[in-house]
Amino acid sequence: MNGVMIQFFHWYHPGNLWNEFAEKAEYLKDLGFTAVWFPPANKCSLNMEGRGYDVYDLYDLGEFDQKGSIQPGTGRKLNI
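Numbered continuously in this note's numbering, the sequence shown closes out at residue 993.
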């Protein structure tokens, strides 16, 4: 079986990605999507601008106050 993946983010996503996905997961499944591409959940060098691809701390998922913020662009650790 071939799957269908959806990119569930865009570069300037303003909200909490994990909560938004949880709300839409069943709808996306009904549309036929079988996989989801998320950006990395770690904190990035450009604060929330880098969406996790310019890694600052691989282990900071929204726990530590560093680089001018606490949460990475995808939301805090407790939302994952």
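For each residue, glycine too, the CB sits at the ideal point set by N, CA and C.
Terminal residues of the beta strand (DSSP E) in which residue i lies
{"i": "A938", "result": "Per DSSP, A938 belongs to no beta strand (DSSP E); it is in the alpha helix (DSSP H), 930-944."}
Bridge partners - residue i, DSSP secondary structure assignment
{"i": "V949", "result": "I919"}
Test item: CB-CB of residue i and residue j under 7 Å
{"i": "V917", "j": "F951", "result": "no"}
{"i": "V949", "j": "F922", "result": "no"}
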